[in-house]
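Per our numbering, the very first residue in the sequence shown carries number 39; after that it's consecutive. Quick reminder that beta carbons are idealized off the backbone N, C-alpha and C, glycines included.
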Amino acid sequence: MIIKKFQGATETEAILAAKEEMGSEAVVMNIKTIKPKGIFSIFRKSVVEVTAALEERDAKPAAKQLNVKQRFAGNRQAGNIGTSINLVSDEKTDVYTDIEKTESTAIEEKLQKLQSMLEKQIVKDKAVADSDKKSVLKDAEMKDASFQDSAKAKNLSCLKLVYNKLIDNEVAEVFANQIISEVENSLVKEAPLDNVLAAVYQKIVLKLGEPVAIEAEPDKKKIIFLVGPTGVGKTTTIAKLASSLKLNKKAKLALMTSDTYRIAAVEQLRTYANILDVPLSVVYTESEVEETLEKLSDYDIVLVDTAGRSHKDTEQCEEIFRMVEAADPEKTGFERDVYLVVSATTKYRDLVKITKAYEALGDYKIIFTKLDETFGYGNIINIAMLTGKSMSYTTFGQNVPDDIDVIDVQEIAKQLLGGGE
């Protein structure tokens, strides 16, 4: 039995190929579809394979007889049987050779075409992949930018709430904007309101700076001038400071006053001096300052109460300046410090003018009085940021010596953010 396999694009085509070669007696034993494999499979179609069988005794004679008769009859008509047979034989050989060459060439050409197509497809796929990659990266960047914009918007929303709270507490716009701007630049991605508040709180504390207190130091004599406008409570503040230094820090203390313009001012301070059992000296001119300090050379600290002077009156301010200059450290041996006393209830624009009027005093510290008379603590941060001067004490009542303390910058920051109501 002869068994052969035939392939075609379709089942019919494969069966016809089997019948043509093996004859009508051939029997189809199996039919299956073969899918292409290999790197070129994407460019090739599936084929149908037919397995056919034929009894061997019938296959050869039938095929040979049919072939010889047909060819013999055709050549006989040409008049040369022997030659025709040879010709047929040679012709058959040439035909098969040509077929083999044609098929080989065709297959090679197809492979070359397929390879060329594949290379082009690879280049195309790579270009598409690169394009998709760029698109993905661009989308990722856009999403990231969108996320950042969204986070920034949420941060700005929180900062806006804090900004409004600062404005409500009388922080000047210029300084509120500065604080918010600096905090905004330090925030990372989306920050909860608590984090924003904490960042602003820390920023305010830094802006207020480390407060400076009056300390009694061994082997160092100090003269402390309290200056400022009228009505801010300088005399009461002197009494509070004197009580704290004398009773709490055991300083060897003396008092001096140049406030001879206000009725009963000297007597008020003398009352405090008597209670504390400390000497009180009254000076009327700057020339008396140096003489008085010579008499007080054994004391650690001398607190000086000056007359209140309007910041609008240049001549009166200069009188205070001369009084301060008279306590020359090189001549008196006393280290000199100046504290500008201002009220927390004073309007900000007036505080700006007051601090500017006292610029000639140089490196002074600032004491805020009457915190108990206001809910807005904005002026404290305003003046701290405006002048760059060190904060010192705050007072919050008339009780001597209780209602005074070194400024609590953390409490001020909380008040500014919490409202202080």
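Quiz item: Less than 8 Å separating the beta-carbons of I445 and T432?
Solution: Result yes, Cβ atoms of I445 and T432 sit closer than 8 Å.
Quiz item: Where does F434 fall in DSSP's three states?
Solution: The three-state reading of DSSP puts F434 in coil, since its state is none of H, G, I, E or B.
Quiz item: By how many angstroms is the C-alpha of N417 removed from the C-alpha of Y386?
Solution: Answer to the nearest angstrom: the Cα atoms are 6 Å apart.
Quiz item: Helix or strand or just coil, what does DSSP make of G416?
Solution: In the structure shown, G416 sits in a helix (DSSP, three-state: H, G or I).
Quiz item: Can you tell me where the beta strand (DSSP E) with D33 in it begins and where it stops?
Solution: Any property of residue 33 remains undetermined from this structure, which presents the chain solely from 39 to 459.
Quiz item: What number of angstroms, rounded off, separates the C-alpha of Q453 from the C-alpha of Q240?
Solution: Taking the straight line from one Cα to the other gives about 13 Å.
Quiz item: For M361, which of helix, strand or coil comes out of DSSP?
Solution: Here M361 sits in helix by DSSP.
Practice problem: Would you mind sorting M60 into buried or exposed? The rule is 16 or more other CB atoms within 10 Å of its CB. | Solution: Classification for M60: buried.
Quiz item: Under 8 Å between the Cβ atoms of A451 and L409?
Solution: Result no, Cβ atoms of A451 and L409 do not sit closer than 8 Å.
Exercise. Starting from the N-terminal side, write out each stretch of the beta strand (DSSP E) that is 3 residues or longer and does not extend beyond the stretch 297-329.
Key: List check, beta strand (DSSP E) in window: 318-320.
Exercise. Decide if K369 is buried, meaning its Cβ has at least 16 other Cβ atoms within 10 Å, or exposed.
Key: With fewer than 16 other Cβ atoms within 10 Å, it is exposed.
Quiz item: Are D338 and A289 close, meaning C-beta to C-beta below 8 Å?
Solution: The answer is yes: Cβ separation under 8 Å.
Exercise. May I have the straight-line CA-CA distance separating Y299 from V265, to the nearest angstrom?
Key: One C-alpha to the other measures close to 14 Å.
Exercise. Give me the Cα-Cα distance between P439 and S282, rounded to the nearest whole angstrom.
Key: When rounded, the distance between both Cα atoms is 7 Å.
Practice problem: Output yes or no for whether 8 Å exceeds the beta carbon distance between L424 and I404. | Solution: Pairing L424 with I404 gives a Cβ-Cβ distance that is not under 8 Å.
Quiz item: Quick one, are the C-beta atoms of K259 and E363 less than 8 Å apart?
Solution: The Cβ atoms of K259 and E363 do not sit closer than 8 Å to each other.
Quiz prompt | Distance, C196 Cα to P230 Cα | solution = Those two C-alpha atoms are separated by around 8 Å.
Quiz item: Could you check where the alpha helix (DSSP H) with A91 kicks off and where it finishes?
Solution: Taken as a continuous stretch (DSSP letters only), A91 belongs to no alpha helix (DSSP H), being part of the beta strand (DSSP E) at V85 to L92.
Quiz item: Ends of the beta strand (DSSP E) at V66?
Solution: Residues V65 to I72.
Quiz prompt | alpha helix (DSSP H) segment containing L235, residue limits | solution = Unbroken alpha helix (DSSP H) run through L235: L231 to L246.
Quiz prompt | Cβ pair E211, I205 closer than 8 Å | solution = Cβ atoms of E211 and I205: closer than 8 Å.
Quiz item: Grouping DSSP H, G and I as helix and E and B as strand, with all else coil, what is V270?
Solution: In this structure, V270 counts as coil in the three-state DSSP scheme.
Quiz item: Alpha carbon to alpha carbon, what distance is there between Y201 and V238?
Solution: Distance from the CA atom of V238 to the CA atom of Y201, rounded to whole angstroms, is 10 Å.
Practice problem: Measure the alpha-carbon distance for L235 versus L455 and round it to whole angstroms. | Solution: Straight-line spacing of the CA atoms in L235 and L455 works out to 8 Å.
Quiz item: Where does M60 fall in DSSP's three states?
Solution: DSSP places M60 within a helical segment (H, G or I) once states are collapsed to three.
Quiz item: With burial defined as no fewer than 16 other Cβ atoms inside 10 Å of the residue's Cβ, what is the status of V376: buried or exposed?
Solution: Buried, by the Cβ-count rule.
Quiz item: With distances taken from CA atoms, which of V250, V304, N312 and I261 is nearest A465?
Solution: Since the first residue shown for the chain is 39 and the last is 459, residue 465 is missing from the structure and cannot be characterised.
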